[in-house]
Amino acid sequence: MGAPPDQPSTEPAAGGAEGHYFAQAPTARRRPGHIVVDLHGDRFELATDSATFSPRRLDPGTAFLLDAAPAPPPTGTFLDLGCGYGPIVLVLARERPDARIVAVDVNERSRELCARNAESLGSTNVDVLAPDEVDPDLRFDLIWSNPPIRIGKGALHGLLLRWLERLTPDGEAVLVMGRNLGADSMQRWLGEQGFPTERLASKRGYRLLQARRA
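Residue numbers 184 to 397, in our numbering, belong to the letters of the sequence shown in order.
Okay, here's the thing in structure tokens:
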């Protein structure tokens, strides 16, 4: 059994490396599905599949971020880092139609689903890209992310620094992490790297962190 629905899961992804949600080109057998979720007063029907993050339900950490994060700016360039099949992207796109939403994921199956879900919901302000497809000069006013903890501490640190360095001077990153998966130490570490980080909220094992440039 996995963790209870309101707790961060500690169960590893199944199926070997090719089945992980952070695999670049998953080879696990496809199991197309969909979930229906109510977010910010809107109902979203999202296509999902195997070898993506939380394909059978909206991840409770993602739900917490969407519920507790400060309202995004009215416009700007926003990044969803590790977009999966797109729940964060689609809320941002729906609520901020004048913003540009960049959805980034290493997993080609996740990108395919995210693009399909954005198209089905009529979200025309979304760009779904692999990490290396993002213009190196592009800067972000806002980053929202439920980051891929399972890639390992060193890789996660490198990933976050790579993208937080691309915040605009007044930009901010809002991250959701499980307390038992290192949220408190991550908060300290980000501060040591020049990104002062505060805890915005806590709920049932999750921390919502906000990082800015020093």
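The C-beta atom is built at its ideal place from N, Cα and C for all residues, glycine as well.
(request) For Thr245, name the three-state secondary structure that DSSP assigns. (result) Here residue 245 corresponds to residue number 62 of the sequence shown, with the count starting at 1. Thr245 falls in the helix class under three-state DSSP.
(request) Compare the C-alpha of Gly269 against each of Arg283, Phe247, Phe227 and Pro280 and name the closest. (result) Mapped onto the sequence shown, residue 269 falls at position 86. It is Phe227 whose Cα lies nearest to the Cα of Gly269.
(request) Tell me whether Asp353 is buried or exposed, calling it buried when 16 or more other Cβ atoms sit within 10 Å of its Cβ. (result) What you label residue 353 is simply residue 170 of the sequence shown in a count that begins at 1. Answer is exposed; the Cβ neighbour count stays below 16.
(request) Say whether chain E places a C-beta atom closer than 8 Å to the C-beta of Glu295. (result) The chain labelled as chain E is not found in the depicted structure, where only one protein chain is given.
(message) Quick check: the Cα distance between Val272 and Thr351, rounded to an integer number of angstroms?
(response) Position 89 of the sequence shown, counting from 1, holds the residue named residue 272. Position 168 of the sequence shown, counting from 1, holds the residue named residue 351. Cα-Cα distance, rounded: 19 Å.
(request) Would you give the residue range spanned by the alpha helix (DSSP H) that Ser303 belongs to? (result) Position 120 of the sequence shown holds residue 303. Per DSSP, Ser303 belongs to the alpha helix (DSSP H) from Glu291 to Ser303.
(request) Tell me, please, whether the stretch 323 to 339 touches the stretch 299 to 312 by the rule of three or more beta-carbon pairs shorter than 8 Å. (result) no
(request) Compute the Euclidean distance between the alpha carbons of Arg396 and Glu316, then round it to the nearest angstrom. (result) On the sequence shown, position 213 is the one that residue 396 refers to. On the sequence shown, position 133 is the one that residue 316 refers to. Rounded to whole angstroms, Arg396 to Glu316 spans 24 Å at the Cα level.
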